[in-house]
Structure formats: C-alpha cells, structure tokens
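The structure appears right after this line, and notes come after that.
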Amino acid sequence: QVQLVESGGGLVQSGGSLRLSCAVSGVIFSLASMGWYRQAPGKEREVVAEITRAGSTTYEDSVKGRFTISRDNAKNTVYLQMNSLKPEDTAVYYCVLLQYASSRLNYWGQGTQVTVSS
C-alpha cells in the first residue's frame, strides 16, 4: 500500500522559510519520480516542483530561485525548501508520486497547509 505523509507546513511571515517533508512508503523510493503541487483557495491545483528518480528537477516559474526540491533515497523522503515566502504562496501543498519505474502514477498525500502572512 502506497502512503505519502507530508509534514512541515505552518504559518510564517512574508520573507520567511519553511521546509516541507514527504515520507513515502509502499514502493522502492529510488524508482519514484516525485512532485509537490499546491492549491490556493479558489484556484486550481498547480505543479510547484518535480524531481525525477535521477534527481533532475523542474520548477514552476513563480518559485524558481526561491524553492528547492530534493530527495533522500536512504530516508524515502522528498523535501521542498521554501525561502523568501510570499503571501501568494499560501496554499495547501501536496506531495505526489508521479511515476514509478516506467509507469505513470498519481498518488497524493493528504496535504499540508502553508500560510504566509504579509
């Protein structure tokens, strides 16, 4: 059974930092491509960042230079380091298992709330 458990959300002032973690179980994590998505109130979910099993990364334009996605295969965990946070980063952030080996998947965590005050 695949499980994704996010942690690290919270309330932070504009300009502050947070690190989100997502612990993954039920798969061989090193074979998984992972992503972080977010959904703000009244808006559709959008991709924030993705990391392949080889460690290649991509970012949504608005977070480039501020957010960093990384993975620790020994800990079966993917991270999202968020710096220089802005009020518009306020959203529920979701960890997503996007691909496992050659198979496209779509497993989502329960989400963690990030609130950035101005």
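Mapped onto my numbering, the consecutive letters of the sequence shown carry residue numbers 1188 to 1305.
We treat Cβ as the ideally placed atom computed from N, Cα and C, and that holds for glycine.
Values in this document were obtained by computation on a predicted structure and should not be read as measured data.
- Under DSSP, the beta-bridge partners assigned to Leu1284 are Met1221 and Tyr1294.
- Under the DSSP assignment, Ser1304 falls in the beta strand (DSSP E) whose first and last residues are Thr1299 to Ser1304.
- Nearest neighbour of Val1192 by Cα position, chosen from Gln1226, Thr1255 and Cys1209, turns out to be Cys1209.
- Distances from the CA of Ser1289 to each of Gln1190, Leu1267 and Thr1239 were compared; the closest alpha carbon is that of Thr1239.
- Cβ-Cβ distances below 8 Å link Ser1217 to Arg1240 and Asn1260 in the same chain, with the five nearest sequence neighbours on each side left out; the list follows chain order.
- Taking all protein chains shown into account, Ser1220 has 16 or more neighbouring C-beta atoms within 10 Å of its C-beta and is therefore buried.
- Taking 8 Å as the cut-off, the beta carbon of Tyr1266 is found closer than this to the beta carbon of Arg1206.
- Gly1197: member of the beta strand (DSSP E) spanning Gly1197 to Gln1200, first to last residue.
- Beta-bridge annotation (DSSP): Phe1254 is paired with Met1269.
- In the same chain as Arg1253, and ignoring 5 residues on each side of it, the C-beta atoms closer than 6 Å to its own belong to Asn1270 and Ser1271, in chain order.
- Annotated as distal: Lys1262 and Val1303, with beta-carbon spacing of 8 Å or more.
- Within the DSSP bridge table, the entry for Glu1193 names Cys1209 as partners.
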